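Asker: Residue numbers (our numbering): 12 to 109. Glycine residues also receive a C-beta, built at the ideal position from the N, C-alpha and C atoms. Please read all numbers here as calculations on a predicted model, not as lab measurements.
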């Protein structure tokens, strides 16, 4: 019984930590953010894809619309859609939908 309680307590703490990490993500301005910031805050985008986003931005200029992210190799519309509310393009407070 003691083992079961320990297991349940551990599981509860693990879920709490994961849940807080999910809510820790902040909106990201993909026109100014570093690859590390992009990777840390957008779902489904690791450091390698984030570096491709930064390289694309440096080669082609700022993103004018969120859907332009699909031009980056490895970034599809599904990834863009699941992050749409977290992507910023311009001034603070500007959402990707504007």
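Nearest CA to the CA of residue 84: which residue from 99, 65 and 95?
Answerer: Stepping through the chain shown from its first residue, residue 84 is reached at position 73. Here the closest residue by C-alpha is 65.
Asker: Curious, which full-length alpha helix (DSSP H) runs of at least 4 residues does the region 51-93 contain?
Answerer: Runs found: 58-71.
Asker: Give me, in chain order, the residues of the same chain whose beta-carbon lies closer than 6 Å to that of residue 61; leave out the 5 immediate sequence neighbours on both sides.
Answerer: Counting from 1 along the chain shown, the entry for residue 61 is found at position 50. Here the set comprises 46, 49 and 50.
Asker: Roughly how many angstroms separate the alpha carbons of residue 71 and residue 100, rounded to a whole number?
Answerer: On the chain shown, residue 71 is found 60 positions in, with the first residue counted as 1. On the chain shown, residue 100 is found 89 positions in, with the first residue counted as 1. Each residue's alpha carbon lies about 14 Å from the other.
Asker: With a threshold of 6 Å on Cβ separation, who are the neighbours of residue 8 within its own chain once the five nearest residues in sequence on each side are excluded?
Answerer: Given that the chain is displayed from residue 12 to residue 109, the structure contains no residue 8 and the question cannot be resolved.
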